[in-house]
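Engineer: Sequential numbering of the sequence shown, starting at 1122, is according to the working numbering.
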Amino acid sequence: MPFSDHRHEFTPEAIRKRMTQHMLHLWGVKSLSSIDPFARLVMETLASELNKISHELLHAEVGLLNRLAGLLTPDLLTVPRPAHGVVWVQPADAVAYMAPTESLFFTKRVASKPYGELDTRRDIFLSAADTVK
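#1: From Trp1209, Arg1188, Asp1157, pick the residue whose C-alpha is nearest to that of Val1253; which is it?
#2: Specify the secondary structure class of Thr1241 as computed by DSSP and reduced to three states.
#3: The alpha helix (DSSP H) spanning Thr1222 covers which residue range?
#4: From the DSSP secondary-structure annotation, give me the bridge partner or partners of Ser1248.
#5: DSSP three-state label for Lys1173, please.
#6: For Lys1254, does the three-state DSSP call read helix, strand or coil?
#7: Once DSSP output is grouped into helix, strand and coil, what is the label at Lys1234?
#8: Is it right to say Ser1175 is buried, meaning 16 or more other beta carbons lie within 10 angstroms of its own, or is it exposed?
#9: Which residues does DSSP list as the beta-bridge partners of Lys1229?
#10: Can you give me the C-alpha to C-alpha distance between Ala1250 and Ala1220, rounded to a whole angstrom?
#11: When you compare the CB positions of Thr1228 and Arg1242, do they come within less than 7 Å of one another, or not?
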């Protein structure tokens, strides 16, 4: 069973309560007021440290689950799939170069509703994969 399902059992108060019940049972004491104040202080400190450890375990579990999900998910779903297209342009100068950092765009008219009128405009951006002439 995953640790994260039992997270509510590892709050400082829940840990302290379980430790107190266990201590009273082991020592055969009926009341918490008859326990030495130093023992109570040690118990509260230990409960706080156990709470910190539980948070570290929870983070480790999350990291392991993320790693496992990454290993089990096919690459087809996780790797980027670049779009592609062919663009022909007529430059204003005799020779023009386009770098991958530059982009072209055109405005496409699309329907805002399925099978509706072409009433919306959407900008489509394209850039070169390498410097082209």
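No residue lacks a Cβ here, since even glycine has one placed at the ideal position from N, Cα and C.
Structural biologist: Looking at the coordinates:
#1: The count along the sequence shown starts at 1 and reaches residue 1253 at position 132. Of the listed residues, the one whose Cα sits closest to Val1253 is Trp1209.
#2: Locating residue 1241 in the sequence shown gives position 120, where the first residue counts as 1. Three-state DSSP puts Thr1241 in a strand.
#3: Position 101 of the sequence shown holds residue 1222. No alpha helix (DSSP H) holds Thr1222; DSSP gives it neither H nor E.
#4: Taking the first residue of the sequence shown as position 1, residue 1248 is located at position 127. For Ser1248, which the question treats as bridged, DSSP gives the partners Ser1224.
#5: Residue 1173 sits at position 52 when you count from the first residue of the sequence shown. The answer is helix: DSSP assigns Lys1173 an H, G or I state.
#6: Taking the first residue of the sequence shown as 1, we reach residue 1254 at position 133. Coil.
#7: One-based indexing of the sequence shown puts residue 1234 at position 113. If DSSP states are grouped into helix, strand and coil, Lys1234 belongs with coil.
#8: Your numbering for residue 1175 matches position 54 in the sequence shown. Ser1175 is buried by the Cβ-count criterion.
#9: Translated into the one-based positions of the sequence shown, residue 1229 becomes position 108. Answer is Arg1243, bridged to Lys1229.
#10: Sequence index remark: in the sequence shown, residue 1250 carries index 129 (1-based). Sequence index remark: in the sequence shown, residue 1220 carries index 99 (1-based). Going by the C-alpha atoms only, they are around 8 Å apart.
#11: Taking the first residue of the sequence shown as position 1, residue 1228 is located at position 107. Taking the first residue of the sequence shown as position 1, residue 1242 is located at position 121. Going by C-beta atoms, Thr1228 is nearer than 7 Å to Arg1242.
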